[in-house]
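Protein chains in written order, with the working numbering: chain A, 6 to 188; chain B, 6 to 188.
Input: a single structure, listed below in structure tokens.
There are 2 protein chains.
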Amino acid sequence: MTDKRLRADAARNRARVLRVAYETFAEEGAGVPIDEIARRAGVGAGTIYRHFPTKESLFQAIVADRLRQVVEHTREQAAADPGEGLFAFLFHLAEQGATDLGLTEAFAGVGVDLATSLPEAEREFTDLMTGLLARAQRAGTVRRDVDVDDVRTLIVGLQAMRRFRGERADRLYPMIRAGLAPR
Amino acid sequence: MTDKRLRADAARNRARVLRVAYETFAEEGAGVPIDEIARRAGVGAGTIYRHFPTKESLFQAIVADRLRQVVEHTREQAAADPGEGLFAFLFHLAEQGATDLGLTEAFAGVGVDLATSLPEAEREFTDLMTGLLARAQRAGTVRRDVDVDDVRTLIVGLQAMRRFRGERADRLYPMIRAGLAPR
DNA sequence: ATAGAATCGGGGCGATCGTTCCGTTTAGCA
DNA sequence: TGCTAAACGGAACGATCGCCCCGATTCTAT
Chain A
6 MTDKRLRADA ARNRARVLRV AYETFAEEGA GVPIDEIARR AGVGAGTIYR HFPTKESLFQ
66 AIVADRLRQV VEHTREQAAA DPGEGLFAFL FHLAEQGATD LGLTEAFAGV GVDLATSLPE
126 AEREFTDLMT GLLARAQRAG TVRRDVDVDD VRTLIVGLQA MRRFRGERAD RLYPMIRAGL
186 APR
Chain B
6 MTDKRLRADA ARNRARVLRV AYETFAEEGA GVPIDEIARR AGVGAGTIYR HFPTKESLFQ
66 AIVADRLRQV VEHTREQAAA DPGEGLFAFL FHLAEQGATD LGLTEAFAGV GVDLATSLPE
126 AEREFTDLMT GLLARAQRAG TVRRDVDVDD VRTLIVGLQA MRRFRGERAD RLYPMIRAGL
186 APR
């Protein structure tokens, strides 16, 4: 995946930039100046642009990684309780969005269009949601007429609530759950 | 409210700027350049700054007006069915947010902090929500443990869904309603 | 150890945007 | 109609940001 045969200092700097950019995007969102990331990483802006041709490509690399983490985390958890898997996923994602503005923006389509720029990550994510939803419906915790697009919509709403309203959003989780339950 | 004794051309320009800014903020959000509004209004940027000392003050004037409209619209509708008033309000606001980025941002706290910059509008709005909520609870369509802050949180979530997911968000309205209903 | 290539850092360019300034125009009154 | 002050518009300023360039530095193969 990473280009082979990077010089030792280049590899070190690339890793450092990724790590710092990760934290910085999470804190500040896609609006952060590249210079700010360069400063925090202790490198020049030129160094960042040698590894990532544009700011957007750096942003994408990080979002892809973040999505992979969420998918993995969910796969580990979801095996246990089919009925709760989808809810655990939704609320976990809402929490993530609260401390990771970059992730929230990615879902809302700010800065990146996941479907076109990161098709594999997008597909993996969709498959995950499809599976969780089907299992929850089979277990009887979610109405039959909910589809994957509804789940996607819910994610956007939940992340917005969590981001802009903080922990007050937690109070709505049980109501969301009740709203999805079969009547 | 408006300063008295404006020269005729000044008054005409002020009104034109307000109208154009209203439309432009709705379409493009708080990010629009002032020059763009000036261009659309057929005036110079200087003219705008003579009437509104900063971009933010122009933005606030418009948000205040928008809030007043929503409050008025809701008051007209709400008298009829106490049980449905809150839901009509919520979904109306979601629709408004879909075509008015400025309003969405105002609720989410982007660009303005309503509570500190427009305290009277904020209070009027809060009173409206309090009344709608109490009436719905009395009518038995909303759980007793829902408070005004929860409603505010819901608004943020609903507007985000509507904005970023378009009409797909409509499918979730019935589920939101069900989620708020007493168990 | 050293040459040569890969990499580095940060100043600089061009674009954008909020805001100000000022020479010009125009409304309103006598 | 002529005078004055208010209002106009748009060029210009300063700050910000994405991205590029290039002289200086550091790595690595020999």
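Note that CB positions come from ideal geometry on N, CA and C, so glycine has one too.
Burial state of residue i (16 or more Cβ within 10 Å)
i                 : result
THR109 of chain A : buried
ARG140 of chain B : buried
ALA111 of chain A : buried
ARG71 of chain B  : buried
ASP150 of chain A : exposed
THR59 of chain B  : exposed
ASP105 of chain B : buried
GLN74 of chain A  : exposed
ALA26 of chain A  : buried
ARG168 of chain B : buried
THR29 of chain B  : buried
ARG10 of chain A  : exposed
MET6 of chain B   : Low per-residue confidence applies at MET6 of chain B: pLDDT is 46, beneath 50, and the placement is therefore not dependable, though the value from the model is reported in the following sentence. Exposed, because fewer than 16 other Cβ atoms sit within 10 Å of the Cβ of MET6 of chain B.
Inter-residue spacing [alpha-carbon to alpha-carbon] between residue i and residue j
i                 : j                 : result
LEU137 of chain B : ASP152 of chain B : 11 Å
ARG12 of chain A  : ILE53 of chain B  : 55 Å
PRO124 of chain A : ALA69 of chain A  : 10 Å
PHE148 of chain B : GLU32 of chain B  : Correcting the residue identity first, residue 148 of chain B is Arg in this sequence and not Phe. In a straight line, the C-alpha of ARG148 of chain B is about 36 Å away from that of GLU32 of chain B.
ALA227 of chain B : ARG182 of chain B : Absent from the structure is residue 227 of chain B, since the part of chain B shown begins at 6 and ends at 188.
VAL156 of chain B : GLY51 of chain A  : 47 Å
GLU77 of chain B  : ARG170 of chain A : 25 Å
GLY114 of chain A : ASP14 of chain B  : 43 Å
GLU100 of chain B : MET134 of chain A : 27 Å
ASP8 of chain A   : GLU172 of chain A : Below a pLDDT of 50, predicted positions are generally treated as unreliable, and ASP8 of chain A, at 47, falls in that range; the measurement from the model is reported next regardless. Taking the straight line from one Cα to the other gives about 42 Å.
ARG45 of chain B  : ALA35 of chain B  : 16 Å
SER62 of chain A  : ALA66 of chain B  : 38 Å
PHE94 of chain B  : GLY49 of chain A  : 52 Å
PHE96 of chain A  : VAL22 of chain B  : 44 Å
HIS56 of chain B  : ALA120 of chain B : 23 Å
ALA186 of chain B : ALA174 of chain B : 19 Å
MET180 of chain B : GLY184 of chain A : 5 Å
GLN142 of chain B : GLU89 of chain B  : 10 Å
ARG188 of chain A : ASP154 of chain A : 20 Å
GLN193 of chain A : ALA126 of chain A : Look at the range of chain A in this structure, 6 to 188, and you will see that residue 193 of chain A is not part of it.
PHE130 of chain A : ASP40 of chain A  : 32 Å
PHE64 of chain B  : ALA16 of chain A  : 47 Å
PRO87 of chain A  : ALA20 of chain A  : 38 Å
ASP118 of chain B : MET166 of chain A : 16 Å
Candidates the options: closest to residue i by CA position
i                 : options                                  : result
LEU177 of chain A : B:ILE160, B:THR29 and B:VAL22            : B:ILE160
ARG80 of chain A  : A:THR59, A:LEU119 and A:ASP132           : A:ASP132
GLY47 of chain A  : A:GLN142, A:ILE67, A:ARG24 and A:GLY88   : A:ARG24
PHE92 of chain B  : B:GLY145, B:ARG55, B:THR104 and B:GLN65  : B:GLY145
ALA103 of chain A : A:GLU41, A:LEU163, A:LEU185 and A:PRO187 : A:LEU163
ASN18 of chain A  : A:GLY107, A:LEU119 and A:ILE42           : A:ILE42
GLY107 of chain A : A:VAL37, A:PRO87 and A:THR158            : A:VAL37
THR158 of chain A : A:LEU98, A:ALA20 and A:PRO87             : A:LEU98
Beta carbon proximity, residue i to chain B, threshold 9 Å
i                 : result
GLY184 of chain A : yes
MET180 of chain A : yes
ALA174 of chain A : yes
MET134 of chain A : no
ALA165 of chain A : yes
ASP86 of chain A  : no
ASP70 of chain A  : no
PHE130 of chain A : no
VAL253 of chain A : Nothing can be reported for residue 253 of chain A: it is not among the residues displayed for chain A, which extend from 6 to 188.
PHE64 of chain A  : no
ASP155 of chain A : yes
LEU11 of chain A  : no
LEU177 of chain A : yes
ASP14 of chain A  : no
Beta carbon proximity, residue i to chain A, threshold 9 Å
i                 : result
LEU138 of chain B : no
VAL151 of chain B : yes
ALA113 of chain B : yes
THR158 of chain B : yes
PHE273 of chain B : The structure shown has nothing for residue 273 of chain B, since chain B only spans 6 to 188.
VAL117 of chain B : no
GLY162 of chain B : yes
PHE92 of chain B  : no
Any non-hydrogen atom of the ligand ZN closer than 8 Å to residue i Cβ
i                : result
GLN65 of chain A : The ligand ZN is not part of this structure, which contains no ligands at all.
Legend entry - Within the segment 117–155 of chain A, ranges of the alpha helix (DSSP H) (whole runs, at least 4 residues): 119–122 and 124–144
Inset, instruction - Could I get the ranges of all uninterrupted beta strand (DSSP E) runs contained in the segment 70–102 of chain A, with 3 residues as the minimum, in chain order? - result: none
Inset, instruction - May I have a chain-ordered list of the alpha helix (DSSP H) segments no shorter than 4 residues that lie completely inside the segment 48–72 of chain A? - result: 50–56
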